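> What follows is a structure written as structure tokens; I'll ask about it next.
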Amino acid sequence: MQEIARVQNGTFGVMQKETESLKHSMDRLTGTLTRFCVE
Numbered sequence: 059m060q061e062i063a064r065v066q067n068g069t070f071g072v073m074q075k076e077t078e079s080l081k082h083s084m085d086r087l088t089g090t091l092t093r094f095c096v097e
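The sequence shown stops at residue 97 when you use our numbering, and every number in between is there.
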């Protein structure tokens, strides 16, 4: 039972990290587009 919980936690942690990096990429992309439009 604990093994399953640990695996789920690990998977969730990876997903969270992926989401964070994806959000970071989106923010950078949006910032670049905004700068491009402003100029």
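The beta-carbon is built from N, C-alpha and C at its ideal position, and this holds for glycine as well. If you're wondering where the values come from, they're calculated on a predicted model, not measured in any experiment.
Rounded to the nearest angstrom, what separates Thr92 and Ile62 at their Cα positions?
Rounded to the nearest angstrom, the two C-alpha atoms are 44 Å apart.
> Taking the C-alpha atoms as reference points, what is the distance between Glu78 and Phe70?
Glu78 and Phe70: Cα-Cα distance of roughly 12 Å.
> Pick helix, strand or coil for Glu61, following the three-state DSSP scheme.
Residue state, collapsed to three classes: helix.
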